[in-house]
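Going left to right, the sequence shown walks through residues -31 to -1, 1 to 343 as mature numbering (1 follows the signal peptide of the UniProt record, and there is no 0) numbers them.
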Amino acid sequence: MTRSQQYPARLFMITVILILLSLNSVPSISAHFFPSNASIPEDLLKNATSNPWSFFHQLSGCHAGEKYEGLAKLKSYFQYFGYIPDSVSNFTDEFDDSLESALRTYQRNFNLNITGQLDNQTVNHVVRPRCGNPDIVNGSTSMNSGKTHNTSSNHIHTVSHYTFFTGMPRWRKQALTYAFSPGNQLTDEVKAVFSRAFDRWSTVIPLTFTQTDSINAADIHIGFYSGDHQDGEPFDGVLGTLAHAFSPPSGQFHLDGDENWVVTGDVTTSSLTTAVDLESVAVHEIGHLLGLGHSSVEESIMYPTISSRTKKVVLATDDIEGIQMLYGSNPNYNGSSTATVQEKETGSSGAHRRHSTWDLSGLIVAFGFVALLL
Ligand SMILES: [Zn+2]
Ligand SMILES: [Zn+2]
């Protein structure tokens, strides 16, 4: 066969590969997983100081009405998490009213002293690693800042702090399936972490979660991605935002592939200051996948921040009351499922902005194949 005779066959092959890959693209990322503390490489320990927000420490003590280099960046941070409206743009380095207002709302949501100032306590909280889902959507919040506390009587009034997405979306079936992005090629050990995280929720509600290999048929899609991954919510490298998840019935669950994920072992004794506990983050994000927003209760799983080298995997009463409000109690659940909380919030905390598109990364991989074949 001559070279000119081979060409149509080769072109056909390339076309088929292109079509297949654009239909089910493969993210080109391999996340960093450390099965145990001992498996963390020495050079990583030496270079583990990066954090996209550590710069904010320099802004501690800034005063209203004055100008400081870097305040524009802080305003962008507050806008990302919903504390400054999306309509505002072209931020200046001026400590203006919008920043002071954002600070007050943030401080109320996180139970900090409400000063409207960039005090140490607030800055130390702002730089904490956290979930990428916003705390406030379209200016409304049902974390602390959106609540009306009943102070009309002398009784101590119990106020719930769990929240839902706008319209309280939830799954309308009980048997849910989940699948991992094939491109991540996760080990069974990593997959087992997600299985444990799902179990923590299925213990208290009558839902089941079963792993499937069919990513297209699964209700919940789990994947690790680096930086921009085509959904308008790029990840930011080590620490900063750790993961984000969409409200029902989207099922999209994305984790930052650049984090130093600890899979098993005691993360609290890790010598790596940027070590993040995978199961803790998974339990939180599954809360979003099921319909919960962020909570102001610091002990709750749905609290938006989690420090590195911290393990937090046990559902708090607040989480259980919230999720049972959506799905009822698992009949086999022995804990107290009769919520004492009477208030029900239906705000929009944590709502996700838009659906993902995967086509672009698939095409990039496909073109790589073409280049190889030619
Ligand atoms: Zn979250
Ligand atoms: Zn994403």
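Beta carbons: idealized from backbone N, C-alpha and C, even for Gly.
May I ask you to report which of helix, strand or coil DSSP gives residue i?
i	result
A166	helix
G285	Looking at the sequence itself, residue 285 is Ala, so the reference to Gly does not match. Here A285 sits in coil by DSSP.
T91	helix
I191	strand
P54	coil
S109	strand
residue 347	As displayed, the chain neither begins before -31 nor continues past 343, which places residue 347 out of reach and without an answer.
A308	No answer about A308 holds up, because its pLDDT of 43 lies below 50 and its placement is not dependable.
D104	coil
T315	Only weak support is given to the placement of T315: the predicted model assigns it a pLDDT of 37, under 50, and the question is left unresolved by the model.
A71	helix
S114	helix
N153	helix
Y49	helix
V159	helix
Q293	helix
K280	coil
A186	coil
S298	coil
S171	helix
Less than 8 Å between the C-beta atoms of residue i and residue j, yes or no?
i	j	result
S62	Y46	Note that residue 62 is Asp in the sequence shown here, rather than Ser. The answer is no: Cβ separation not under 8 Å.
N78	S265	yes
R278	A251	no
S195	G220	no
S150	G206	no
Q143	T172	no
T133	G260	The sequence shown places Phe at residue 133, rather than the Thr named in the question. Yes, the pair counts as a contact, with Cβ atoms nearer than the cut-off.
W170	P217	no
I289	S249	no
H257	A214	yes
D287	Y131	yes
F167	I292	no
C31	L211	no
N93	L208	no
T179	T156	no
S29	L81	no
Taking the alpha-carbon positions, what's the residue i to residue j distance?
i	j	result
Q90	Y49	21 Å
G262	D104	8 Å
N59	V283	42 Å
I174	I270	16 Å
T181	A187	7 Å
S183	A33	54 Å
W230	P273	18 Å
V232	P98	18 Å
F3	D66	44 Å
T242	G297	39 Å
S73	I83	Note on residue identity: the sequence assigns Arg, not Ser, to residue 73. Going by the C-alpha atoms only, they are around 6 Å apart.
H26	M137	37 Å
R165	V57	42 Å
residue 354	E69	Past the edges of the chain, shown from -31 to 343, lies residue 354, and the structure says nothing about it.
N107	T135	10 Å
N185	E202	22 Å
H223	V159	15 Å
D200	H190	14 Å
G39	F64	10 Å
H253	M112	16 Å
T240	K280	Note on identity: in this sequence residue 240 is Ser, with Thr being the wrong assignment. Between S240 and K280, the C-alpha separation is close to 15 Å.
A161	G234	13 Å
I53	N303	43 Å
L43	A71	10 Å
H1	G85	38 Å
S23	G115	28 Å
Tell me residue i's beta-bridge partners as DSSP assigns them.
i	result
T179	T146
E63	K36
R99	T210, T274
H26	DSSP output for H26 lists no bridge partner at all.
F133	L261
F2	W230
Within 8 Å (strictly less), CB to CB, does residue i reach chain D?
i	result
R97	In the displayed structure, chain D is absent; only one protein chain is listed.
*Taking only runs of the alpha helix (DSSP H) that begin and end inside the stretch 196 to 273, which ones reach a length of at least 4 residues, in chain order?*
247 to 259
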